């Protein structure tokens, strides 16, 4: 059946409906409800797909500037993302009771698992990143040479395959940018802080345990999150910049 158009930019798929092999353009969003599915969508820059409880997205390709989100509500693994690719400059977030399986994360792309979200069988290419936040789970991740899995306190990682040159990071500082190819810093300790970093618009730093950031300039659109065991010292937060200090962190 055809999708029901909510506005010029929103399409809602309900039970029994599907959307296949189309491109979702700038400012357009697809909402995949219970019993609905998509297959082989292309999310162009500014295009969005939201997979809700009981919905499925199969083979979605998220291009630079596109965004994919899955959350299943109260039922475990009830919002399904299967296969597909996250390209450089794109992001996917798997949240509460969402499940992503066999997603290929390319160089410069970010896959985030939060709040009881689950990924299984993710493939992290060189330069690709997956972050596992508190309550999230990543299982059977294939971390290839140059790929990085970042484990935030409270995240769970099991059955990881780690190729030579791959990385699992749980301490130090993780830098990334939402506007440029994503990079990760060298790790820091309390004996080797990272000093004088400038975080402009779209730039972010996550301070993991033992991560120490001193005299940073957090400009408009830049952000720092300091997690348990991280330390933020000195520096400036300009108008429009932000710093979030978690329990057990220092600032």
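Numbering (this note's numbering), first residue to last: 22 to 272.
Note that the Cβ used here is the ideal one computed from N, Cα and C, for glycine as well.
Values in this document were obtained by computation on a predicted structure and should not be read as measured data.
By the 10 Å Cβ neighbour count, where 16 or more other Cβ atoms means buried, how is residue i classified, buried or exposed?
| i | result |
| --- | --- |
| residue 265 | exposed |
| residue 41 | exposed |
| residue 34 | buried |
| residue 26 | Because the pLDDT at residue 26 is just 43, under 50, the model does not fix this residue reliably, and the point stays unresolved. |
| residue 84 | buried |
| residue 218 | buried |
| residue 184 | exposed |
| residue 146 | buried |
| residue 95 | exposed |
| residue 100 | buried |
| residue 169 | buried |
| residue 143 | buried |
| residue 162 | buried |
| residue 255 | exposed |
Only counting the same chain, and skipping five residues up and downstream in sequence, which positions put a Cβ closer than 6 Å to that of residue i?
| i | result |
| --- | --- |
| residue 201 | With a pLDDT of 49 at residue 201, under the threshold of 50, the predicted position of this residue should be treated as unreliable, and no value is reported. |
| residue 160 | 141, 179, 180 |
| residue 252 | 233, 271 |
| residue 106 | 82, 125 |
| residue 92 | 100, 116, 117, 119 |
| residue 243 | 220, 221, 224, 262 |
| residue 157 | 134, 135, 138, 176 |
| residue 90 | 71, 114 |
| residue 154 | 135, 173, 176 |
Taking 8 Å as the limit between beta carbons, can you name the residues of its chain near residue i, skipping five residues before and five after?
| i | result |
| --- | --- |
| residue 7 | With the chain running from 22 to 272 in the structure shown, residue 7 is simply not present. |
| residue 45 | 51, 62, 63, 64, 65, 68, 69, 70, 87 |
For residue i, which residues does DSSP report across the bridge?
| i | result |
| --- | --- |
| residue 134 | 115, 153 |
| residue 259 | In DSSP, residue 259 forms no bridge with anything. |
| residue 228 | 194, 247 |
How long is the line joining the alpha carbons of residue i and residue j, rounded to whole angstroms?
| i | j | result |
| --- | --- | --- |
| residue 80 | residue 166 | 24 Å |
| residue 74 | residue 59 | 14 Å |
| residue 133 | residue 235 | 26 Å |
| residue 152 | residue 39 | 30 Å |
| residue 228 | residue 62 | 35 Å |
| residue 247 | residue 112 | 21 Å |
| residue 268 | residue 240 | 24 Å |
| residue 14 | residue 103 | Since the first residue of the chain shown is 22 and the last is 272, residue 14 is not available in this structure. |
| residue 150 | residue 216 | 23 Å |
Nearer than 6 Å: is that true of the beta carbon of residue i relative to any heavy atom of the ligand MG?
| i | result |
| --- | --- |
| residue 184 | Annotation note on the ligand MG: not contained in the displayed structure, which lists no ligands. |
By Cβ distance, which residues of its chain are closer than 7 Å to residue i, with the 5 residues on each side in sequence left out?
| i | result |
| --- | --- |
| residue 249 | 174, 230, 267, 268, 269, 270 |
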